[in-house]
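Engineer:
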Amino acid sequence: MTKILRYQTDRLFFTSFINVVSSYKEKYYTLSLLILTSIFGLNTAYAIEKDARSQYVADLVENNRNAFNQCLLEKQQEAIEFGVSSTRVETEFAKMEFIPRVIELDRSQPEFVSTFSSYYSKRVNEWRITKGREKYAEHKDFLKTLTAKYGIPGHYLISFWGLETNYGGYKGKMSTLDSLATLACDARRSAFFSNELFLALKLMDSQGLTRESMKGSWAGAMGHTQFMPTTYTGYAIDGDGDNKIDLYNSEKDALASAANFLWKLGWKAGLRWGREVLLPNNFDYQLANKQVMSITEWKTLGIMQANGTPLPVSDIEARLRVPAGHQGPAFLTYENFRIIMRWNNSEFYAIAVGQLANQIAGGTGLVSNLPDLPNFKITDIAKLQSKLNTLGYDVGGADGIMGPATREGIRQFQADNKLVADGFPSPQTIETILNF
Ligand SMILES: [Ca+2]
C-alpha cells in the first residue's frame, strides 16, 4: 500500500496472489502450497490449494457474518472515541450491512496477471482519448486556473479522471459505508479500514454526504477520482465554490481535488511525466529499471526520441522502463512519474496516465508496437521461479509473483545464455528456461 493510503483496487501486477495475505491462517496456506508442491508437483498442488482456498474463503465469510453484529457494537464505541458525532453513529450503525462479496473480492486470487500490452490497450483506447479531449475542452478555462495555482497541466488531471472512473461514467455501485464496515470487521486489515470508516462517517457530517450517495468501489474508494476517505479528508477541496466538497457530483470539485493532491504529493511544475524513446540496436537492457541517469547520459548511449529526433541535452534525471520487454515500447521516466505512482503504485498505471494525457493534449500514441503476448499464468511464473532456483539463480520462493528478484533472475539467465537480457518472461524465455 502506498503511504498516501489509497487502497488499490486495481491489483493487476506484482501484487496478486500471496502478498495480500497476512494473517497466520493464510500464511499456513502459503506454507502448505510449498509442501504440496514438493509432494505432487506444481499443477496438482495448485488444484488442491485452490479447493482448500475456496473453502477457506467460504468459512471466513460465514465467521465474519456471524461476528458482524458484535463487531459493530465495538466499532460503534471506537467511532465515538474517534470523534464521530453520537447522532451520526446511532443512525448509521443501525443501518450497516455485511457484504459477503467484499470479503470474496478482497481474498480473490487471479489465475492470470496482465501483460503491459493488454493492460495498456484496455485503458488508453480511442473512446477514452476522444472523451478526454471533449472534457478537456469543456473544462478548459477552469483547468487553466488549476494549473496556475497548483502547477499540474489540465490534460493530466483529465487523464487521471478518465482512468479512475471513465470521466465519472463508472464510480462504483457498492455502498461505501457497508463495504468499509465489512472490511473493518475483517481481521486482515481491520485497523486500516476502521479508520477509513470513521473518516467516511465524519465526511457525512462535514460535507453533507449521504449514505445513499456514497457508492463506490468494494474497497471504499469514492467519487470521480476514487479517493479513499483518508485522501478525501486530507486532500479534497471545493472547486465549484459552493463551500462543500462533493467528489460524487461535482466535476470541478474532483478536478480541483486531484490538482491539490498531486501538488501536495510534490508534482514538479513544468516537467513532464516522461516520454517514449527508441533504443539503439544491441542496447544493454541491464540498464533498464535500475539505473538513474541524466537525459544527456541516456542520449550518449544512443537513445532517441520516439519520433527519431535526438533527445534534448538536459540534466533531468531519468529512468528507463521497458514494461513489455525488448519487443515492446521503451520509456524514459522523470520525477513526476514517481508522483503518479504515489497516486497508484503501478508502473503500468503511471505510463497509461502519461500517455493518455499526451493524447488528450493532441499528441500521438505509441510509436512502437505493443507485442501480442499472452497474459502471464501465475502457475507458469511459479514453475519458472522453481526452475531458476534449481539452476542456481536465487529468486526466492516460487510464489507466482513477478517481483524484482524474479526479473533479476531471468535477466541473469538471459545474460549467461546470450539472450537479450531484458528480464521479461516472454513465452520463448519461459520455454527456454523450463527446457534448460
Ligand atoms: Ca463544491
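First residue of the sequence shown: 3, per my numbering; consecutive thereafter.
C-beta: ideal position from N, C-alpha, C; glycine also.
Mark Leu65 as exposed unless 16 or more other C-beta atoms lie within 10 angstroms of its C-beta, in which case mark it buried.
Structural biologist: A quick correction: the sequence has Asn, not Leu, at residue 65. By the neighbour-count rule (16 or more Cβ atoms within 10 Å), Asn65 is not buried but exposed.
Engineer: Any heavy atom of ligand 1 closer than 7 Å to the CB of Gly241?
Structural biologist: yes
Engineer: Ordered along the chain, which non-local residues of its own chain (more than five positions away) have a Cβ less than 8 Å from that of Ala256?
Structural biologist: Trp163, Gly170, Gly225, His226, Thr227, Gly241, Leu249
Engineer: Excluding sequence positions up to five away, which residues of its chain have a Cβ less than 8 Å from the Cβ of Gln387?
Structural biologist: Val397, Gly398, Gly399, Ala400, Asp401, Gly402, Thr408, Gly411
Engineer: Could you work out which residue in Ile37, Ala47, Thr147, Ala54 is closest to Ile380 when comparing CA atoms only?
Structural biologist: Scanning Ile37, Ala47, Thr147, Ala54 for the CA closest to the CA of Ile380 turns up Ala47.
Engineer: Assuming Tyr237 contacts Ser259 (C-beta within less than 8 Å), just tell me the rounded distance between them.
Structural biologist: 6 Å
Engineer: Go through the region 104-145 residue by residue and report every complete run of the beta strand (DSSP E) that reaches 3 residues or more, in order.
Structural biologist: none
Engineer: Quick check: Met404 and Phe378, are their CB atoms within less than 8 Å of each other?
Structural biologist: yes
Engineer: For Asn419, count neighbouring C-beta atoms within 10 Å of its own C-beta (all shown protein chains included) and say buried if the count is 16 or more, exposed if not.
Structural biologist: exposed
Engineer: Just to check my reading of the structure: Leu273 and Glu337 have Cβ atoms closer than 8 Å, yes? What is that Cβ distance to the nearest angstrom?
Structural biologist: 6 Å
Engineer: Taking the Cβ atom as the reference point for each residue, do Gly156 and Leu148 lie within a distance shorter than 8 Å?
Structural biologist: Closer than 8 Å, so yes.
Engineer: Is the beta carbon of Ala186 closer than 8 Å to that of Ser177?
Structural biologist: Contact check for Ser177 against Ala186 fails: the beta carbons are separated by 8 Å or more.
Engineer: Could you name the residues of the same chain whose beta carbon sits closer than 6 Å to that of Lys137, not counting the 5 residues immediately before and after it, in chain order?
Structural biologist: Ile160, Tyr169
Engineer: Let me know the secondary structure DSSP gives Lys217 once reduced to three states.
Structural biologist: strand
Engineer: Could you check what DSSP says for Pro231 in three-state terms: helix, strand or coil?
Structural biologist: helix
Engineer: Near Pro429, what residues of its chain come up, given a Cβ to Cβ distance below 8 Å and the 5 sequence neighbours on each side ignored?
Structural biologist: Leu375, Pro376
Engineer: Got a sec, what are the start and stop residues for the alpha helix (DSSP H) Arg413 sits in?
Structural biologist: 406-418
Engineer: Below 7 Å, is the gap between the Cβ of Ser208 and the nearest heavy atom of ligand 1?
Structural biologist: Not one heavy atom of ligand 1 sits closer than 7 Å to the Cβ of Ser208.
Engineer: Give me, in chain order, the residues of the same chain whose beta-carbon lies closer than 7 Å to that of Phe70; leave out the 5 immediate sequence neighbours on both sides.
Structural biologist: Around Phe70: Phe100, Cys187.
Engineer: Heavy atom of ligand 1 less than 7 Å from the Cβ of Lys439, yes or no?
Structural biologist: Because the chain is modelled from 3 through 438, residue 439 falls outside the range shown and cannot be assessed.
Engineer: Looking at the strands, I want to know which residues DSSP matches up with Ala332.
Structural biologist: Val279
Engineer: Could you check whether the region 83-103 touches the region 311-325, counting it as contact only if at least three pairs of C-beta atoms, one from each stretch, sit closer than 8 Å?
Structural biologist: The region 311-325 and the region 83-103 do not touch, with fewer than three beta-carbon pairs separated by less than 8 Å.
Engineer: Can you determine whether any heavy atom of ligand 1 sits closer than 7 Å to the C-beta of Asp248, and answer yes or no?
Structural biologist: yes
Engineer: Does Gln430 come out as helix, strand or coil in the three-state DSSP assignment?
Structural biologist: helix
Engineer: Pull up the distance between the alpha-carbon of Ala320 and that of Val126, whole angstroms please.
Structural biologist: 23 Å
Engineer: Determine the direct distance from the alpha carbon of Trp265 to that of Gly153, and round the result to whole angstroms.
Structural biologist: The straight-line gap from Cα to Cα measures roughly 7 Å.
Engineer: When you measure from the CB of Ser259 to every non-hydrogen atom of ligand 1, does any distance come out below 7 Å?
Structural biologist: No - ligand 1 has no heavy atom lying nearer than 7 Å to the Cβ of Ser259.
Engineer: Ser119 and Gly330 look like a contact to me (Cβ under 8 Å); what is the Cβ gap, rounded to whole Å?
Structural biologist: Rounded, the Cβ-Cβ distance is 7 Å, consistent with contact.
Engineer: Which whole runs of the alpha helix (DSSP H) in the region 243-305 are 4 residues long or more, in chain order?
Structural biologist: 253-267, 297-302
Engineer: Assuming Arg135 and Ile305 make a contact with CB atoms under 8 Å, what is their CB distance in whole Å?
Structural biologist: The beta-carbon separation of Arg135 and Ile305, rounded to 30 Å, does not stay under the 8 Å limit for a contact.
Engineer: Can you tell me whether Arg323 is helix, strand or coil according to DSSP?
Structural biologist: strand
Engineer: Grouping DSSP H, G and I as helix and E and B as strand, with all else coil, what is Phe378?
Structural biologist: strand
Engineer: Indicate, with yes or no, if ligand 1 has a heavy atom lying under 7 Å from the CB of Ser252.
Structural biologist: yes
Engineer: Determine, using beta carbons only, whether Phe415 and Ile432 come nearer to each other than 8 Å.
Structural biologist: no
Engineer: Ile6 to Met230, Cα distance in whole Å?
Structural biologist: For Ile6, the predicted model reports a pLDDT of 37, less than 50, meaning its position is unreliable and no value from the coordinates is stated.
Engineer: Just mark Thr212 as buried or exposed, buried being the case when its beta carbon has 16 or more other beta carbons within 10 Å.
Structural biologist: exposed
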